[in-house]
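In this note's numbering, the protein residues as written are 12 to 323.
Given below as structure tokens:
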């Protein structure tokens, strides 16, 4: 868990701070529509903080491909426990207290995710700067330590400890509606709400010990559907390349719906999937297939009148 928090700290604090420091040099002058649409660069007195990330020039298209890759982590909720106490009497008539104690101690583990998708930006956004959708693969991993202790009159007779693990592989369809806030001409922050529909490709689970009160172990449904939130820190790395480190977490389980929860059940515990990815968004240029246009007055693009056939 400590390594996970260090990774988050490095990704979302150190890297942005470094980029902001590098970006403090005096910006070069930009033409009126060199940066995108929406808030836009309206006049020469506007600061670079008002620039949009997506270009407005007609040589750029509104849609493009995106690719992302990064780790996943299953954030474990506090463990659960159970106890069964029996009051007996031995042959001598003495009272005997038998106690069986059960503890389920969950722990998150790192996995991997990768995504391929498409984004579409808007020329005049109304709160939503762009949408994206695509297909992703994700591996969610974790473990649970199951401990059983047998006591008699407050004296422990035996202890059994078994580690139960899971490593599930999912294929996921996702959709996001993204708003963004500009820091300057190169840096921006994104906030997104979206849905993900997952299909369990390979359920890999070992162990099946349950707390007595649960009546059995539980796992996610075969095809979970979730509402999620995604936070990102974007960088305009090049004219046609955006790099956006993101952190995604579920906020509500739609399928299977029992009550308002946003976690996955495994064995006797619950885990929250945390998806960390670095997205690469590629801005495309339009194809200029238009034929050359000449002045109807007979002046060519070089400022000279073209010679006509049969005219001296």
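Glycine included, each C-beta is placed from N, C-alpha and C at the ideal position. Bear in mind the structure is a predicted one, so any value in this text is a computation, not a measurement.
Cα-Cα separation between residue i and residue j, rounded to whole angstroms
i	j	result
residue 95	residue 233	33 Å
residue 284	residue 239	10 Å
residue 241	residue 88	20 Å
residue 85	residue 255	22 Å
residue 210	residue 146	11 Å
residue 120	residue 250	37 Å
residue 148	residue 180	7 Å
residue 257	residue 192	14 Å
residue 236	residue 272	12 Å
residue 125	residue 164	54 Å
residue 253	residue 139	17 Å
residue 169	residue 221	18 Å
residue 286	residue 93	32 Å
residue 190	residue 294	18 Å
residue 226	residue 135	55 Å
residue 217	residue 160	21 Å
residue 214	residue 178	7 Å
residue 111	residue 162	6 Å
residue 142	residue 174	42 Å
residue 71	residue 130	14 Å
residue 195	residue 208	35 Å
Cβ-Cβ separation, residue j to residue i (assumed contact under 8 Å), whole Å
i	j	result
residue 331	residue 182	As shown, the chain starts at 12 and ends at 323. That puts residue 331 outside it, with no answer to give.
residue 289	residue 79	6 Å
residue 277	residue 230	6 Å
Which of helix, strand or coil DSSP assigns to residue i
i	result
residue 276	strand
residue 117	strand
residue 261	strand
residue 231	coil
residue 195	coil
residue 89	coil
residue 161	strand
residue 207	strand
residue 296	strand
residue 266	strand
residue 256	strand
residue 224	helix
Pair within 9 Å by beta-carbon distance, residue i and residue j
i	j	result
residue 198	residue 247	yes
residue 132	residue 205	no
residue 77	residue 260	no
residue 114	residue 157	yes
residue 279	residue 228	yes
residue 82	residue 128	no
residue 187	residue 244	no
Cβ-based burial, residue i [other Cβ within 10 Å; buried from 16]
i	result
residue 64	buried
residue 53	Per-residue confidence for residue 53 stands at a pLDDT of 37, beneath the threshold of 50, marking its modelled position as unreliable; the derived number appears in the next sentence. So residue 53 ends up on the exposed side.
residue 97	exposed
residue 46	Summary for residue 46: the model assigns pLDDT 44, below 50, so the residue's position carries little reliability, and this model does not support an answer.
residue 201	buried
residue 99	exposed
residue 117	buried
residue 154	buried
residue 275	buried
residue 203	buried
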